[in-house]
Amino acid sequence: MLFPGVGMKLRGLLFDLNGTVIDILTDEGCDELYRMMTNLLEYQGISLPPETLRKLYFELNKGQRRASAETYPEFDVIALFRQLLEECGSDVTRKLPKRRREQLPLFLAEAFRAASRFRLRLYPGVTEVLDELRKTYLLAAVSDGQACWALPELRAVGLADYFEPVIISSDLGFRKPDPRIFERALKKLKLSPEEVLFVGNDMFRDVYGARELGIRTVFFKSNQGEQRPMGAEPDYIIYDFRQLPEAIRFLRSRF
Numbered sequence: 015m016l017f018p019g020v021g022m023k024l025r026g027l028l029f030d031l032n033g034t035v036i037d038i039l040t041d042e043g044c045d046e047l048y049r050m051m052t053n054l055l056e057y058q059g060i061s062l063p064p065e066t067l068r069k070l071y072f073e074l075n076k077g078q079r080r081a082s083a084e085t086y087p088e089f090d091v092i093a094l095f096r097q098l099l100e101e102c103g104s105d106v107t108r109k110l111p112k113r114r115r116e117q118l119p120l121f122l123a124e125a126f127r128a129a130s131r132f133r134l135r136l137y138p139g140v141t142e143v144l145d146e147l148r149k150t151y152l153l154a155a156v157s158d159g160q161a162c163w164a165l166p167e168l169r170a171v172g173l174a175d176y177f178e179p180v181i182i183s184s185d186l187g188f189r190k191p192d193p194r195i196f197e198r199a200l201k202k203l204k205l206s207p208e209e210v211l212f213v214g215n216d217m218f219r220d221v222y223g224a225r226e227l228g229i230r231t232v233f234f235k236s237n238q239g240e241q242r243p244m245g246a247e248p249d250y251i252i253y254d255f256r257q258l259p260e261a262i263r264f265l266r267s268r269f
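So this is what it looks like as structure tokens:
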């Protein structure tokens, strides 16, 4: 596939986060997660068996997506816990101080993520590679997920200052491969699709999504994400994040 902007200078790099720069493992089906969350909810005046809470969490999640008009809808975990509090709250819950009630949805969302997370670390070489790349290129993040989880996790792994902007799907209500999520980053960077590369680990959401907008892609075949071809081929495949500079040098000749 030939791009209309061949010959333009490569100026920006867009990155997916989880599965691309961050090696994360979570399990939202874990029994211990719902045991812990039901214990926590009891302190807020809500008594639910763990299995009931599990079922309710996934029902509310699916309900948000079904109610959306988007082709690729994203849910809002803070709104999910706000709805759970409204539907399951007791008189004790409603008598909690106003400020505490207002903060509870975010607190519960954070607790849920903390209890479901088993690994959070960078892939080998990420910091060193990004340190070198940001001397030459604008770096931005375009990632599916919840902002209330993604931004603290970026801080935790030491990447809070590496990407500008950071576009997270929960802030938009839709997720990749919707082209608008990539367009948001391009608009903020003031770059065209022909002036950037997208680096991701999912053949559908990342490679297909970016290529639909005319963005070249580097596919990182990590331990996560859809690895089967899904309607678009990446321009380059890496098997270790430390191979990214080599991929960029190869593709830069095509700009």
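When we follow the working numbering, the leftmost residue of the sequence shown carries the number 15, and every step to the right adds one.
Note that CB positions come from ideal geometry on N, CA and C, so glycine has one too.
This structure is a prediction, so every number in the text was calculated from the model and none was measured.
Tell me which residue opens and which closes the beta strand (DSSP E) that residue i is part of.
{"i": "Leu-134", "result": "131-136"}
{"i": "Asp-315", "result": "Nothing can be reported for residue 315: it is not among the residues displayed for the chain, which extend from 15 to 269."}
{"i": "Ala-154", "result": "152-157"}
{"i": "Leu-28", "result": "26-29"}
So residue i is in the alpha helix (DSSP H); what residue range does that whole segment cover?
{"i": "Asp-145", "result": "140-147"}
{"i": "Thr-231", "result": "Run containing Thr-231: none in the alpha helix (DSSP H); it sits in the beta strand (DSSP E), 230-234."}
{"i": "Ala-93", "result": "91-102"}
{"i": "Gly-77", "result": "64-81"}
{"i": "Leu-55", "result": "45-56"}
{"i": "Leu-165", "result": "161-170"}
{"i": "Arg-108", "result": "105-108"}
Can you say whether residue i is buried or exposed, counting buried as having 16 or more other CB atoms within 10 angstroms of its CB?
{"i": "Ser-61", "result": "exposed"}
{"i": "Asp-175", "result": "exposed"}
{"i": "Glu-142", "result": "exposed"}
{"i": "Leu-39", "result": "exposed"}
{"i": "Pro-111", "result": "exposed"}
{"i": "Gly-223", "result": "buried"}
{"i": "Asp-105", "result": "exposed"}
{"i": "Pro-248", "result": "buried"}
{"i": "Met-15", "result": "Residue confidence is low: Met-15 scores 34 on pLDDT, short of 50, so the model does not pin down where it sits. Its coordinate-derived value is still stated next. When all chains shown are included, Met-15 counts as exposed."}
{"i": "Gly-245", "result": "exposed"}
Output needed for residue i: all residues of its chain with C-beta closer than 7 Å, excluding positions within five of it in sequence on either side, in chain order.
{"i": "Leu-98", "result": "Leu-70 and Leu-74"}
{"i": "Ile-251", "result": "Phe-233 and Lys-235"}
{"i": "Arg-79", "result": "Pro-87 and Phe-89"}
{"i": "Gly-68", "result": "Per the sequence shown, residue 68 should be read as Arg rather than Gly. Tyr-48, listed in sequence order."}
Spatial neighbours of residue i within its chain, please: CB distance less than 6 Å, with the 5 preceding and 5 following residues excluded, ordered by chain position.
{"i": "Leu-227", "result": "Pro-193, Phe-196 and Pro-207"}
{"i": "Gly-214", "result": "Asp-30, Thr-34 and Asp-220"}
Using a Cβ-Cβ cutoff of less than 8 Å, which residues in the same chain neighbour residue i once the five nearest sequence positions on both sides are dropped?
{"i": "Leu-54", "result": "Leu-122 and Ala-125"}
Would the C-beta of residue i count as close to the ligand MG, meaning under 7 Å from any of its heavy atoms?
{"i": "Arg-127", "result": "What this structure holds is no ligand at all, so the ligand MG is not there to describe."}
Which full runs of the beta strand (DSSP E) of 3+ residues lie inside the region 176-258, going along the chain?
180-182, 210-214, 230-234 and 250-252
Does the pairing of the region 25-39 with the region 150-165 give three or more beta-carbon distances under 8 Å?
yes
Are the region 58-74 and the region 105-119 in contact at 8 Å, needing three or more beta carbon pairs?
yes
Three Cβ pairs or more, each shorter than 8 Å: is that satisfied between the region 21-30 and the region 142-153?
yes
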